[in-house]
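Undergrad: According to our numbering, the stretch in the sequence shown is residues 474 to 822, in order.
Ideal Cβ positions, reconstructed from N, Cα and C, are used throughout, including at glycine.
This one's a predicted model, so the numbers in the text were calculated from it and none came from an experiment.
The structure's right below; bear with me while I get my questions together.
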Amino acid sequence: MTKELKNKLNDLDKDYSAKIQSCVDLTALQDLQVSALGRKGELTELLKSLKDLSLEEKKILGPLSNDLKNKLNTAFENKRSELEAAQINAELAKTDIDLTLPAYTFDKGRRHPLAIAQKRMTDILAKLGFVWAQGPLIEDEEHNFDALNIPKNHPARDVQDTFFIKNTFKDCFVLRTHTSGVQVRTMKKQKPPIRIMAPGRVFRKDAIDATHSPVFNQIEGLYIDKNISLADLKKDLTVFMQGLFGKNAQVRFRPSFFPFTEPSVEVDVKCVFCEGKDPACSVCKGTGWKEMLGAGIVHPNVLKNCGIDPEVYSGYAFGMGVERLAMFSLNIKDIRAFYENDMRILEQF
Ligand code: DAH
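Given below as structure tokens:
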């Protein structure tokens, strides 16, 4: 029995190896494969019959038949690749397509450097728990100024600094001069705890130069809860800056003034280009530090204006210029590079 089957295996091996070798087209090869290894193929049938053998016989014939099955499968695959390649070459020989010609290239779209920078900032803030909030670009004086404790005679309200829009129904509208109005809108409609970030465009009557533009972008942050202090502000903004500029980034807080925060701070980052070591550094002008944003503890008047009890709640707020941070982190010297759509510049990011 064993001998007989061994001979059968040998015959199948010789027979199919020769047939595969001499096969010249893909359909014939497919038929051949079915007749050997298909559901009712010769080798398949033989493999099925092994189950009736004794254990001893199985031990010998099992591996032998499996080896043959693998051998034939490989032979079929190799022949198939060979025939397919021959077919493609025959097709190509009939045409004059030059496959060595470089292919056409297509310009791929990419994010604008400002969008890249803004996304990096909002991604870090999102990890710190800040959720996205929005407000209108055309604001009323109440949200842009009054509720933020910015008095009528404050210079920010000067027509020299702000785009006012006359409106017959209400006193006056302005193209928002900062994103801080979103704080007011959020606090008026939401109970603490509040933790929002508000990215968006702002407008000021600034002449265009290397660092000014009448339209630019800010990101506002606001965190209101019980017992929020300057310590929380320092910790969160330090983590934010380290997320943006690397874990060794150094952050400095200086006293400052904003009508809507008390106390107020200005936040600087150690120059990432000269690390404070180059008195001639063109980025930090040799000061070693770069001013990044304004922040502070939300003024009790602002909380009151928005219907939040300053005796129970406190919070911090901050506002930063996306362009300013992007220019610093990407080492772009002129803000106009963001708006002029010069592909040679934009393509670098
Ligand atoms: N609104 C300020 C500006 O446009 C930036 C700012 C400073 C926002 C301090 C804040 C803050 O929320 O607390 O210059």
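Please return the same chain residues whose Cβ sits closer than 7 Å to the Cβ of G792, not counting the five positions on each side in sequence.
TA: Taken in chain order, the residues that qualify are H651, T652, S653, Q691, E693, L766 and G767.
Undergrad: Kindly indicate which three-state DSSP category R727 falls into: helix, strand or coil?
TA: The answer is strand: DSSP assigns R727 an E or B state.
Undergrad: Taking the runs of the alpha helix (DSSP H) that are 4 residues or longer, which of them lie wholly in the segment 542-616?
TA: For the segment 542-616, whole alpha helix (DSSP H) runs of length 4 or above, ordered along the chain, are 586-600.
Undergrad: Under 7 Å from any heavy atom of the ligand DAH, does the C-beta of Q691 make it?
TA: Result yes, Cβ under 7 Å from the ligand DAH.
Undergrad: Counting Cβ pairs closer than 8 Å, one from the segment 557-567 and one from the segment 507-524, do we hit at least three?
TA: Contact fails: fewer than three Cβ-Cβ distances are below 8 Å.
Undergrad: Compute the minimum distance between the beta carbon of H685 and the heavy atoms of the ligand DAH, and state whether it is under 7 Å.
TA: Every heavy atom of the ligand DAH is 7 Å or more from the Cβ of H685, so no.
Undergrad: Using DSSP with H/G/I as helix, E/B as strand and the rest coil, what is V785?
TA: V785 falls in the coil class under three-state DSSP.
Undergrad: State buried or exposed for A606, treating a residue as buried only when at least 16 other CB atoms are found within 10 Å of its CB.
TA: By the neighbour-count rule (16 or more Cβ atoms within 10 Å), A606 is buried.
Undergrad: List the residues that DSSP assigns as beta-bridge partners of A671.
TA: According to DSSP, which records beta bridges pairwise, A671 is partnered with E693.
Undergrad: How about A799: is its Cβ closer than 7 Å to a heavy atom in the ligand DAH?
TA: Every heavy atom of the ligand DAH is 7 Å or more from the Cβ of A799, so no.
Undergrad: Short check: CB of I697 to CB of V771, under 8 Å?
TA: Cβ distance < 8 Å, so I697 and V771 count as in contact.
Undergrad: Answer yes or no: the CB of H616 versus the heavy atoms of the ligand DAH, is any distance below 7 Å?
TA: Incorrect: H616 has no Cβ contact closer than 7 Å to the ligand DAH.
Undergrad: Relative to the ligand DAH, is the shortest distance from any of its heavy atoms to the C-beta of S702 smaller than 7 Å?
TA: No; taking the cut-off as 7 Å, the Cβ of S702 has no heavy atom of the ligand DAH nearer than that.
Undergrad: Does the beta-carbon of G767, which I'm using as the reference point, lie nearer than 7 Å to any heavy atom of the ligand DAH?
TA: Yes, since a heavy atom of the ligand DAH falls inside the 7 Å radius drawn around the Cβ of G767.
Undergrad: Closer than 6 Å by C-beta to S737: which residues in its own chain qualify, once you throw out the five before and the five after it? Chain order, please.
TA: Correct list, in chain order: S729, F730, F731 and G769.
Undergrad: In the DSSP output, which residue or residues are listed as bridge partners for M793?
TA: M793 is bridged to I692 and L766.
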